[in-house]
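**Student:**
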Amino acid sequence: KLPRALKDMLDRLYENMPNTYHLEYNQLRTVGFIHSGLNSQMISLDRPTMYVSRVTSYKSISIGTQISHQRK
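Under my numbering, the first residue of the sequence shown is numbered 1212, with each subsequent residue one higher.
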């Protein structure tokens, strides 16, 4: 569901952008995060051309369940 939401957000950004900016399609990107339990993952979506959307999924990060170092 997140990639679809990122695509919709990117479409809205292009629609609402004034014509004075003259940005190319590959100059905007939307970013989202998936949080599931103790795992987090970042996903980004950009548009290299007018009709192609590219989803990039990054490495998942896990938060440990035990404290290994205690401050003194």
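Cβ atoms here follow ideal geometry from the backbone N, Cα and C, with glycine treated the same way.
Should Arg-1258 be labelled buried (16 or more other beta-carbon atoms within 10 Å of its own) or exposed?
**Tutor:** Buried, since its Cβ has 16 or more Cβ neighbours within 10 Å.
**Student:** Excluding sequence positions up to five away, which residues of its chain have a Cβ less than 7 Å from the Cβ of Ile-1274?
**Tutor:** Cβ within range, chain order: Leu-1249.
**Student:** So the alpha helix (DSSP H) Asn-1227 belongs to, where does it begin and stop?
**Tutor:** Residues 1213-1227.
**Student:** For Val-1242 and Ser-1255, which I take to be in contact (beta-carbon distance under 8 Å), what is that distance rounded to the nearest angstrom?
**Tutor:** Sure, about 5 Å apart at Cβ, within 8 Å.
**Student:** For Pro-1217, count neighbouring C-beta atoms within 10 Å of its own C-beta (all shown protein chains included) and say buried if the count is 16 or more, exposed if not.
**Tutor:** Note on residue identity: the sequence assigns Leu, not Pro, to residue 1217. Buried: at least 16 other Cβ atoms inside 10 Å.
**Student:** Less than 8 Å between the beta carbons of Pro-1214 and Val-1266, yes or no?
**Tutor:** Contact: yes.
**Student:** Pick from Asn-1230, Asn-1227, Lys-1270: whose alpha carbon is nearest that of His-1246?
**Tutor:** Among Asn-1230, Asn-1227, Lys-1270, the Cα nearest to that of His-1246 is on Lys-1270.
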